[in-house]
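>
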Amino acid sequence: MPTDFWDHEFFMKMAIRQARLALADGEVPAGAVIVRATDAAGRAIRPILIAQARNQVERLKDPTAHAEMIAITQASGAGGDWRLAGTVLYATKEPCPMCAGAIMLARIHTVVFGAADPQRGGAGSAFNILDNPALNHRCRPIGGVMEEECQALLREFFASCRTRGIRILRQSAQDSGERSRTNSTAGRMSIRTCNGPIRMLRLKG
Ligand SMILES: [Zn+2]
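Each step along the sequence shown adds one to the number in the numbering used here, with nothing skipped, and position 181 is 181.
This is the structure in structure tokens:
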């Protein structure tokens with residue numbers, strides 16, 4: 001693949017721009033772009049951007065609306081072919097198992113990602129879906145490209161969730177008054193936009 005000589009950071013910056021748009025929408029900041037590297041005959045061509053997308057789970061109320069899934073749909077539509085052989089997908093975050101499965105079905109050649117996801121990454125951190133000898137297609141994963149920038153976006157998102165969560169809980173305590181002290185469940189609420197360890201917060205007192 002000619003991508004061995006590509007400047008991966010150039011395309012990762014495009015994915016990061018998408019992730020920033022997601023962050024501005026209050027979504028988990030994840031962005032993805034897909035770039036075509038070869039023509040139908042497998043010959044190297046100048047890179048062509050064929051898709052760029054951001055996470056839209058909250059906006060679309062769709063748990064499958066991850067950046068990679070939307071980018072794959074865009075790229076398939078743009079090329080009139082669901083087979084995306086000869087393409088490279090750039091993602092700010094290691095693809096989850098769902099997206100890794102879609103990447104395999106689309107026969108994407110290479111996945112370049114920024115931040116690894118030790119909890120549920122499907123590119124080898126938690127599950128090795130992309131480069132698995134048991135499957136009939138193998139995709140080459142390359143991790144750690146602009147990792148710090150990609151992780152910083154995620155940290156910013158979770159920090160904003162904590163800030164909003166504390167504000168919501170304080171409001172909740174004021175609204176519920178006496179109940180918050182007598183009912184053990186008062187002051188406890190789920191914050192839908194947050195994942196992971198801060199999904200549930202408990203109000204003290
Ligand atoms: Zn995903």
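A virtual CB, placed ideally from N, CA and C, is assigned to each residue, including glycine.
With DSSP as the reference, label phenylalanine 113 as helix, strand or coil.
The residue given as residue 113 occupies position 113 in the sequence shown. Phenylalanine 113 sits in a strand when the DSSP states are folded into three classes.
> Let me confirm a value: leucine 130 is counted as buried when at least 16 other C-beta atoms fall within 10 Å, else exposed. Which label applies?
To locate residue 130, count along the sequence shown from 1; it is residue 130. Leucine 130 comes out buried.
> Confirm the yes/no value for this check: CB of cysteine 139, any heavy atom of ligand 1, distance under 7 Å.
What you label residue 139 is simply residue 139 of the sequence shown in a count that begins at 1. False, no ligand heavy atom lies under 7 Å from that Cβ.
> Any heavy atom of ligand 1 closer than 7 Å to the Cβ of histidine 8?
Along the sequence shown, one-based indexing puts residue 8 at 8. Incorrect: histidine 8 has no Cβ contact closer than 7 Å to ligand 1.
> Are the beta-carbon atoms belonging to valine 111 and alanine 91 less than 8 Å from one another?
Residue 111 sits at position 111 when you count from the first residue of the sequence shown. Residue 91 sits at position 91 when you count from the first residue of the sequence shown. Yes. Within cutoff.
> For proline 95, tell me which candidate among Gln56, Ala40, Pro141 has the shortest Cα-Cα distance.
Indexing the sequence shown from 1 puts residue 95 at position 95. Measuring from the Cα of proline 95, the nearest candidate turns out to be Pro141.
> Whole beta strand (DSSP E) runs in the stretch 49-117 with 3 or more residues, listed along the chain?
87-93, 110-115
> Classify leucine 153: buried if its beta carbon has 16 or more other beta carbons within 10 angstroms, exposed otherwise.
In the sequence shown, counting from the first residue as 1, residue 153 sits at position 153. Per the 10 Å Cβ criterion, buried.
> Tell me whether arginine 155 sits in a helix, a strand or coil according to DSSP, three-state version.
Here residue 155 refers to the residue found at position 155 of the sequence shown. It is helical.
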